[in-house]
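Here's the structure, in structure tokens; my notes come after.
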Amino acid sequence: LYEGMTVGGGYGKIANAGGGQGNDDEHYTAFVTYTASGVTVGYQESFVGNDQQGGIDEQAQAWGVAINLMEGLSASYGEREVEHIKPSLTHVTEDQEGFAVAYTMGSATLSVQNNEVSNNGGTAGTSDETFQVALSLAF
Numbered sequence: 099l100y101e102g103m104t105v106g107g108g109y110g111k112i113a114n115a116g117g118g119q120g121n122d123d124e125h126y127t128a129f130v131t132y133t134a135s136g137v138t139v140g141y142q143e144s145f146v147g148n149d150q151q152g153g154i155d156e157q158a159q160a161w162g163v164a165i166n167l168m169e170g171l172s173a174s175y176g177e178r179e180v181e182h183i184k185p186s187l188t189h190v191t192e193d194q195e196g197f198a199v200a201y202t203m204g205s206a207t208l209s210v211q212n213n214e215v216s217n218n219g220g221t222a223g224t225s226d227e228t229f230q231v232a233l234s235l236a237f
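Counted the way the numbering used here counts, the sequence shown spans residues 99 to 237.
Shown next, in the form of structure tokens:
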């Protein structure tokens, strides 16, 4: 691969409550990131297969970029789209996006972040938003 590039993947299987046949979720994910000159970009694809009768599968794509603007100051932005694949119902696409800015001086970090989601959790017409300002001190 190229210098600054990281590629990875994962697989997992989770047994749902109730046991028995058809109660395991399978999770797959793969990602790639590339870093050069204080900028990191990344892309990820994931899939969750719900093995239960009538279970909802999820397929997701995400990307993000983080930039070190100057010493102590960084900013990042990312988006994620999750398609909730509902058997015998209309599929719902959940859209997420967020940004963050952080400044560190000595042992203090001031950060601001905003995150938004529509069709939250695969429920059409729902939305959520968070805005946070935080001061962290290290001793």
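For glycine and all other residues, C-beta sits at the position ideal for the given N, C-alpha and C.
Segment limits, beta strand (DSSP E) that includes residue i
i	result
residue 125	122 to 134
residue 173	171 to 183
residue 233	225 to 235
residue 195	190 to 203
residue 221	Taken as a continuous stretch (DSSP letters only), residue 221 belongs to no beta strand (DSSP E), as it is neither H nor E.
Local Cβ density within 10 Å of residue i, reported as buried at 16 or more and exposed below that
i	result
residue 101	exposed
residue 169	exposed
residue 190	buried
residue 217	buried
One or two residues paired with residue i in a DSSP bridge
i	result
residue 148	123
residue 140	131, 162
residue 112	123
residue 106	129
residue 156	146, 182
For residue j and residue i, believed in contact at Cβ under 8 Å, the rounded distance
i	j	result
residue 161	residue 141	5 Å
residue 227	residue 213	7 Å
residue 206	residue 235	5 Å
residue 157	residue 114	With a Cβ gap of about 19 Å, residue 157 and residue 114 do not count as contacting.
Under 9 Å between C-beta atoms of residue i and residue j
i	j	result
residue 134	residue 172	no
residue 220	residue 180	yes
residue 195	residue 210	no
residue 154	residue 184	yes
residue 147	residue 128	no
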